[in-house]
Each structure stands twice: as structure tokens, then as C-alpha cells.
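Enquirer: One structure is given below, represented as C-alpha cells, and several questions about it will come after.
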Amino acid sequence: ALLVSDFGPKITIKIVDSLREDILSGKLKSGTEIKEALKKFVLDLLKNKQGNKSELQLGFRKPAVIMIVGVNGGGKTTSLGKLAFRLKKEGVKILMAAGDTFRAAAGDQLEIWAERTGSEIVMPENDKAKASAVLSQAVKRGKQEGYDLVLCDTSGRLHTNFDLMEELITCKKSVGKVVAGAPNEILLVLDGTTGLNMLPQAREFNE
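Per the UniProt record's numbering, the sequence shown runs over residues 1 to 207.
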């Protein structure tokens with residue numbers, strides 16, 4: 001089951017050996033205990049891999065800028081909304097930027113998240129608005145009105161589509177012209193069922 005779930009042979013052997021040792025020693029006696037031990041092992045593994053780099057690096061300049069990127073249907077807009085909800089509870093003043101100018105009703109969806117989280121939002125001025133212009137406008141407003149953070153939604157795109165990846169670079173440059181060093185973070189949202197196909201996606205988006 002672990003191999004089918006794309007854990008890979010090295011990690012699978014490590015997990016199985018650890019569980020086998022605990023079962024033989026009598027530490028784990030029931031199926032429920034084994035399942036819980038498996039969950040804990042995987043969570044500990046993820047925490048160790050992340051180390052101390054899991055915190056958002058927002059810097060000292062305001063506004064901080066975060067871009068949310070990923071392929072189509074990966075949950076970018078929803079993830080942005082959840083992130084806004086969490087940070088809003090911590091007292092962060094948030095402005096959202098509806099940079100997904102391709103998907104129908106993407107702006108409307110983000111507008112609902114803005115309303116739910118008590119955040120403001122910058123929408124495209126018209127149907128022909130470019131994503132880079134929307135993000136640039138949002139960061140300018142964030143700077144002028146003293147926002148702590150601008151959360152930038154972007155259109156879904158395949159990492160193999162050169163033109164759309166170039167557009168993402170343009171978006172990145174556009175916010176950097178308004179606030180030096182922006183974006184502070186670029187968060188890649190991935191579908192958890194993608195498995196090892198996440199790796200080439202992550203490499204391409206990173207480049």
C-alpha cells in the first residue's frame with residue numbers, strides 16, 4: 001500500500017522495519033495501534049524534512065507579497081482563502097488580488113473568500129485585464145493603504161506550457177517593481193493524489 005501511494009522503496013522499507021520491530025517487541029498489539037503508529041511515523045517524517053523552513057518568510061517591508069501558483073484544479077484559490085483565514089486571526093491586515101484572469105468566476109470565488117475572512121480584494125477592471133496588471137495594482141494599493149500582506153491568486157497552468165510559465169515570470173516581476181524583493185513567498189499548491197509527479201511540477205515552477 002505504501003509503494004502504491006508513491007512513498008518510494010527507501011521510505012517504505014524504513015517504515016515497515018520500524019513497525020515490524022515494535023510489533024515483535026510487543027509495543028504494538030492491535031490493528032488500531034499499528035495504524036496510529038504508522039500515522040505518527042509519517043507525520044514525524046514530514047516534520048523532520050521541513051526542519052525550520054516551514055515558517056512563512058514575510059520580511060520587514062510592508063506589504064509582504066505572497067503568490068499562489070500551481071496547475072489547474074489543484075486548489076489554489078481555496079488554499080489562499082484558508083491561509084487568509086489563519087493569518088487574519090493573527091491580526092494580519094490582508095488584501096487579496098484576483099490574478100486568475102482565465103478561469104470563469106475565479107474572481108467571484110475569491111471575492112467570497114475575501115468576504116468570509118474580512119479581507120479586501122482587488123478585482124480585474126475588465127475581461128481583458130492582464131494578471132500582471134491586477135497584481136501590480138493590488139500591491140500598489142497595499143503599499144499606499146498600509147496593508148500587512150497582499151495574497152495574489154494566479155491562473156492554473158501546466159508546468160509544460162512555456163507561454164503560461166513566462167506569464168508567471170511577468171507577474172513576479174510586476175510586483176517586484178512596486179515593492180523591492182517581492183514576492184516574499186511563492187507557494188506551490190499541489191494535488192495530494194498526484195504522487196511522484198509532483199517532483200517535475202515543483203522543479204519546473206521553481207525554475
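Don't be surprised by glycine CBs; every beta carbon is placed ideally from N, CA and C.
1) So, with DSSP's three-state summary, where would you put E115?
2) Output needed for G142: all residues of its chain with C-beta closer than 7 Å, excluding positions within five of it in sequence on either side, in chain order.
3) Taking the straight line between their C-alpha atoms, what separation do you get for R203 and S174?
4) If we ignore side chains and look at the alpha-carbon of each, how far apart do residue 211 and A182 end up?
5) Any contact between the region 16 to 36 and the region 100 to 119? By contact I mean 3 or more CB pairs, one from each, below 8 Å.
6) Should G81 be labelled buried (16 or more other beta-carbon atoms within 10 Å of its own) or exposed?
7) Nearest to A106 by CA position, among I68, T154, S136 and L87, is which residue?
8) Say whether the region 160 to 169 touches the region 71 to 80, bearing in mind that this needs 3 or more beta-carbon pairs closer than 8 Å, one atom from each stretch.
9) For the putative contact between C152 and A138, defined by C-beta atoms under 8 Å, what is the C-beta separation to the nearest angstrom?
10) Which class does M198 belong to by DSSP, given the choice of helix, strand or coil?
11) Would you mind sorting A131 into buried or exposed? The rule is 16 or more other CB atoms within 10 Å of its CB.
Expert: So, from the listed chains and residues:
1) For the purposes of this step, residue 115 is taken as the residue at position 115 of the sequence shown. Reduced to three states, the DSSP call for E115 is helix.
2) Counted from its first residue, the sequence shown places residue 142 at position 142. If we look at G142 and ignore the five residues flanking it on each side, its Cβ neighbours are P63, L95 and V150.
3) For the purposes of this step, residue 203 is taken as residue 203 along the sequence shown, with counting starting at 1. For the purposes of this step, residue 174 is taken as residue 174 along the sequence shown, with counting starting at 1. Distance between the alpha carbons of R203 and S174 is about 22 Å.
4) This structure leaves residue 211 out entirely; the chain is present only between 1 and 207.
5) The region 16 to 36 is not in contact with the region 100 to 119.
6) The residue labelled residue 81 in the question sits at position 81 within the sequence shown. Buried is the call here.
7) Here residue 106 is taken as the residue at index 106 of the sequence shown, counted from 1. A106 has its Cα closest to that of T154, out of I68, T154, S136 and L87.
8) no
9) Position 152 of the sequence shown holds residue 152. Position 138 of the sequence shown holds residue 138. Yes, they are in contact, since the Cβ atoms of C152 and A138 sit about 7 Å apart, within 8 Å.
10) Walking along the sequence shown from the start, residue 198 turns up at place 198. Residue state, collapsed to three classes: helix.
11) Reading the sequence shown from its first residue, position 131 is the one you call residue 131. Buried, because 16 or more other Cβ atoms sit within 10 Å of the Cβ of A131.
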